[in-house]
Amino acid sequence: MTSFPAIDDKRTAIWGWSYGGYVTAAALARDTKNVFQCGISVAPVTSWIYYDTVYTERYMGLPTPEDNLKAYEASDVTRLADNFKGKDFLLIHGTADDNVHYQQSMMLARALEKADVLFSSQV
Numbered sequence: 250m251t252s253f254p255a256i257d258d259k260r261t262a263i264w265g266w267s268y269g270g271y272v273t274a275a276a277l278a279r280d281t282k283n284v285f286q287c288g289i290s291v292a293p294v295t296s297w298i299y300y301d302t303v304y305t306e307r308y309m310g311l312p313t314p315e316d317n318l319k320a321y322e323a324s325d326v327t328r329l330a331d332n333f334k335g336k337d338f339l340l341i342h343g344t345a346d347d348n349v350h351y352q353q354s355m356m357l358a359r360a361l362e363k364a365d366v367l368f369s370s371q372v
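Numbering (the working numbering), first residue to last: 250 to 372.
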């Protein structure tokens, strides 16, 4: 990004809603080069094992050792809570969301708290 003079690489952020919220959290947690200083996840899926099985299993298969359990575990951003340290993160979720349930954000919030990661949230 440093080749683009209009981009301030010290003030880059990422945000997304629903699947985009998952992508935001996953990108922020895996951002080893500190491309993003800030992330905003709105109604993110944080653990695919707890998301809509019809949708998830179509793309990921079954969450069993014989099928694709490792991918479910590897894509679970609650397992990456330590990686949010030093990043500004805002987690937003509506309690009446009937697609991505509020439980998804609360699982990530609990993981971040256990990892002693400072973050902001809006419910």
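Yeah, the Cβ is synthetic: ideal placement off N, Cα and C, and Gly gets one too.
#1: Between Lys336 and Cys287, which are expected to be in contact by the criterion C-beta below 8 angstroms, what is the C-beta distance as a whole number of angstroms?
#2: To which residues of the same chain is Pro293 closer than 6 angstroms at the C-beta, ignoring the five residues directly before and after it?
#3: Measure from the alpha carbon of Leu329 to the alpha carbon of each residue in Ser370, Thr261, Thr295, then state which is nearest.
#4: If Ser324 sits next to Trp297, beta carbons under 8 angstroms apart, how far is it from one beta carbon to the other, in whole angstroms?
#5: For Thr273 and chain D, any beta-carbon pair shorter than 8 angstroms?
#6: If I follow the unbroken alpha helix (DSSP H) through Ala275, where does it start and stop?
#7: Distance check for Asn332 and Arg279, CA to CA, integer angstroms please.
The answer reads as follows:
#1: 7 angstroms
#2: Gly270, Tyr271, Ala274
#3: Thr295
#4: 6 angstroms
#5: Among the chains of the structure shown, chain D does not appear; only one protein chain is present.
#6: 268-278
#7: 7 angstroms
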